[in-house]
Structures are given as C-alpha cells and as structure tokens.
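Peer 1: In the working numbering, the protein residues as written are 1000 to 1397. Just so it is clear, CB atoms sit at the ideal spot from N, CA and C, and this is done for glycine as well.
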Ligand SMILES: *Cc1c(COP(=O)(O)O)cnc(C)c1O
C-alpha cells in the first residue's frame, strides 16, 4: 500500500522511494519476492488472469512484484511511462532492437558503441535481413545523410565507452523522427542521475544496471525505459515470450543500489573532475577525455545534455601502449579491470581488452588509440586516488 503522493518528488527522493509498494506486513525495506509462480483461489480466477479481465501476477517471466518496484523506480528516474527489467544490459539492448525490426528494415547506429552492442547491430541484425548503417557520434553531416531515408530505429551511446565522445541527442532525434525511426539511447555510462535522454528527444532508454545502478560490482542486469505504445506493441510481447527476464534477487540488489545512486554519482563525478585535472596537467598525457573538463571538444553539448561529467574518463598517453602499460602496472590502489561503475576505482586498456576484436581502422575511428586508458572513478578518498594516479603517471613517463 502506497500513501497518496502529494507532490512531484525530486530524483533523490524517487531513488529512495519510487515505486515502493509495501505488503500487508508493512516492512520498511522493499520485499524480495523470490518466486516463479502464483496460485489462484479458483479455476475461474486463473481463467480471468489469462483472458486479461483481471490484472494480476501470473508468472515471474512476465511480471514479479520486486521487479515491478525496480521498474517503477527506473520509470520515475528516467521520466518515461514504462520500464522493463532484463537479465543484463545486453539483453536490454538486444530486446530494444529485435522487438521492433523485421527483414527489409533499416537501422542506423552510432560508431561509438559498447563492443557487444556493435556485434548485435553489425553482425546479428544483417543475418535477419536488416540493413545497418554506422555513423560517428560527432558526424552531423553523416547523421543527416543516413537519416534522409526511412529508418526503423536508431541506436546510440552517449557519452561513449571508452572514449567519452558525445552525440547531440536533440539533433539526432529530430532527424530520426523525420525518418520515422525510434531513437534508443544507451545511458549506461552516464546513469539517470547525470543524463535523462527522454528529456532530449530519445524514445527508449537502455541501461546496463550492472554498472552505476548496482554500483558495487555484485549483479548483472539491465532495464529498458520507454513509452506505453512501444511497450504494448513491441517490447512487452517480445520480452514475455523470449524470456530475458531479470532475477528478482538482482532487482532487489539494484533497488538498494538506487537508494544511494544520487550520493554516489555526485562523489564519483567530483573525484573524477579532480583526477581529470591532475592527469591533464601531467607531461605523460597527450589528452584527457572527460565531459566535465572545459577542454572536452564537445563541452558545450555536455553542458546542454548532462548534469555533470559522470564517473568515467579516458587518458591518452603520449608514449602509446608501452606508457599505458607502465601506468597500469604502477597503480597500487586502482585495480586493473575491464568492468566499470563500481565503488572501487578501475582502470583498463580498451585496445587490448574490451575492444581487442575491433580492426585497427574501427579502433582509430572510435578514438581507441594504443595509448588510451579508461578510468572508472570509485568512491575511495580523493587524496588517496590522486596519490596513486600521480605516481602511476610519473611511472608512465619513464
Ligand atoms: C556494460 C555495458 C553494456 C552491457 O551491459 P551488461 O550488463 O554487461 O550486459 C552495454 N552498454 C554499455 C555502454 C556498457 O557499458
């Protein structure tokens, strides 16, 4: 039972209480419904649940009360109408695309996509007769050209992982809508605290909840936030019948994560800005890519569509891969890890790990140089992180 809402609450309140639906026991924290099925008082009640005359939980692949709280909280945070939780970020991206496309359709995607998202777009979709065109994030003429023809969907990631390139959401959404396309934005790098793509023209937002939403490296999960019509016509039936559903346990962990997301993202972003400035001033570094820095080439766009720079940055070392490796191997506090969005600070070398499979031309086009190191800034004391960063930067210069 939820008490009547008397005002539109701020995001920090919604992160703690959005979707809260207490049982008759009046528990404080969200209940965990770790059940697959449901029972009925009578055969007629089961029939009514299946013919749609009564709305209720029937099977946890379709709906589950713990998932519903998580979905309502994400809906409120992104400013959408409906959300659907999925087993991983990749399940969310794949479902958002596959639920709507059919053979003969055309899809336009950003070049700067998470590796598996590129695979789904460029390898999987064409197998089913879908034509896919790729456009670089900042290539305005490229978006205009690609979206001059009828298009079913656009998938883009801003800011991008790992090189922190931005795509102008308003501009691409206007072109995409004129082409008849649904705009899907992967918001995993920013989090709903830093960026709300639906406010900037996107139709569908996808997340890897594995990252900042969990925030403590525990569970895999994803979520799709969209409008009512998209859910009814495309997404709802697709997920119900294909089964990419999230475990209620993971949804419960994400609910606990969301309660502190606002606090955490403020700290991640403040520390990231401090570290970005330290790195930028160091002679071993050719460039720092962080949307919160004035030197970011798309800084004006970052100010328009992001509330802060977020917790992710990339450092490009003058000495190439050798310097990047010297830096990584000199770190004493920050861990080497291909993951991101954790309380622990994590660093990785995308060219030889997460993006190893890309051919050299693709790497270059995405800004994934041999000297690039991605840093996911954690919640440790900023002075300790600065100490670790400075020593490793010195080691990179040798
Ligand atoms: C991690 C990530 C994904 C995939 O999410 P999983 O939860 O690992 O499946 C998709 N997009 C971006 C931008 C990511 O960082």
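#1: Ligand 1 and residue 1210: does the residue's C-beta get closer than 7 Å to at least one heavy atom of that ligand?
#2: Could you tell me which uninterrupted alpha helix (DSSP H) segments, each at least 4 residues in length, are contained entirely in the stretch 1076-1108, listed from first to last along the chain?
#3: Taking the Cβ atom as the reference point for each residue, do residue 1152 and residue 1135 lie within a distance shorter than 8 Å?
#4: Where does residue 1316 sit, in a helix, a strand or coil, going by DSSP?
#5: What are the start and end residues of the alpha helix (DSSP H) that includes residue 1273?
#6: If you count every other CB in all the chains shown that lies within 10 Å of the CB of residue 1033, and 16 or more means buried, which is it?
#7: What does residue 1225 pair with, by DSSP beta-bridge criteria?
#8: Please classify residue 1009: does DSSP put it in a helix, a strand, or coil?
#9: Does DSSP put residue 1029 in a helix, a strand or coil?
#10: Compare the C-alpha of residue 1314 against each of 1334, 1324, 1288 and name the closest.
#11: Tell me residue 1286's beta-bridge partners as DSSP assigns them.
#12: According to DSSP, what are the bridge partners of residue 1373?
#13: Throw me the rounded Cβ distance for the residue 1165 and residue 1297 pair, which I believe falls under 8 Å.
#14: Under the assumption that residue 1348 contacts residue 1364 (Cβ atoms under 8 Å), give the Cβ distance between them as a whole number of angstroms.
#15: Looking at residue 1113 and ligand 1, is the gap between the Cβ and the nearest heavy atom below 7 Å?
#16: Could you tell me whether the Cβ atoms of residue 1138 and residue 1067 are closer together than 8 Å?
#17: Does the Cβ of residue 1187 lie closer than 7 Å to at least one heavy atom of ligand 1?
#18: Report the rounded CA-to-CA distance for residue 1161 versus residue 1095, giving the unit in angstroms.
#19: Is residue 1098 near ligand 1 - that is, is its Cβ less than 7 Å away from at least one heavy atom of it?
#20: Just reading off the alpha helix (DSSP H) that residue 1240 is part of, what are its end residues?
Peer 2: Answer, in terms of the structure:
#1: Locating residue 1210 in the chain shown gives position 211, where the first residue counts as 1. True, at least one ligand heavy atom lies under 7 Å from that Cβ.
#2: 1088-1097
#3: As a position in the chain shown, residue 1152 is number 153, starting the count at 1. As a position in the chain shown, residue 1135 is number 136, starting the count at 1. Cβ atoms of residue 1152 and residue 1135: not closer than 8 Å.
#4: Stepping through the chain shown from its first residue, residue 1316 is reached at position 317. If DSSP states are grouped into helix, strand and coil, residue 1316 belongs with the strands.
#5: For the purposes of this step, residue 1273 is taken as the residue at position 274 of the chain shown. Residues 1260-1279.
#6: Here residue 1033 corresponds to residue number 34 of the chain shown, with the count starting at 1. Residue 1033 is exposed by the Cβ-count criterion.
#7: Taking the chain shown and counting its residues from 1, one reaches residue 1225 at position 226. BP columns for residue 1225 point to 1081.
#8: What you label residue 1009 is simply residue 10 of the chain shown in a count that begins at 1. Coil at residue 1009, not helix or strand.
#9: Locating residue 1029 in the chain shown gives position 30, where the first residue counts as 1. Note: residue 1029 maps to coil in three-state DSSP.
#10: Within the chain shown, residue 1314 is the residue found at index 315, counting from 1. Nearest C-alpha to residue 1314: 1288.
#11: If you number the chain shown from 1, residue 1286 lands on position 287. DSSP lists 1315 as partners of residue 1286.
#12: Residue mapping note: residue 1373 aligns to position 374 of the chain shown, counting from 1. Its beta-bridge partners are 1313, 1347.
#13: Mapped onto the chain shown, residue 1165 falls at position 166. Mapped onto the chain shown, residue 1297 falls at position 298. Yes, they are in contact, since the Cβ atoms of residue 1165 and residue 1297 sit about 4 Å apart, within 8 Å.
#14: For this step, residue 1348 is matched to residue 349 along the chain shown. For this step, residue 1364 is matched to residue 365 along the chain shown. About 18 Å separates the beta carbons of residue 1348 and residue 1364, which is beyond the 8 Å limit, so they are not a contact pair.
#15: For this step, residue 1113 is matched to residue 114 along the chain shown. It does: the Cβ of residue 1113 is within 7 Å (strictly closer) of some heavy atom of ligand 1.
#16: Here residue 1138 refers to the residue found at position 139 of the chain shown. Here residue 1067 refers to the residue found at position 68 of the chain shown. Cβ distance not < 8 Å, so residue 1138 and residue 1067 don't count as in contact.
#17: Taking the first residue of the chain shown as position 1, residue 1187 is located at position 188. Yes, ligand 1 has a heavy atom inside 7 Å of this Cβ.
#18: Within the chain shown, the letter at position 162 stands for residue 1161. Within the chain shown, the letter at position 96 stands for residue 1095. Cα-Cα distance, rounded: 22 Å.
#19: Translated into positions along the chain shown, residue 1098 becomes position 99. Outside the cutoff, so no.
#20: Position 241 of the chain shown holds residue 1240. Per DSSP, residue 1240 belongs to the alpha helix (DSSP H) from 1235-1241.
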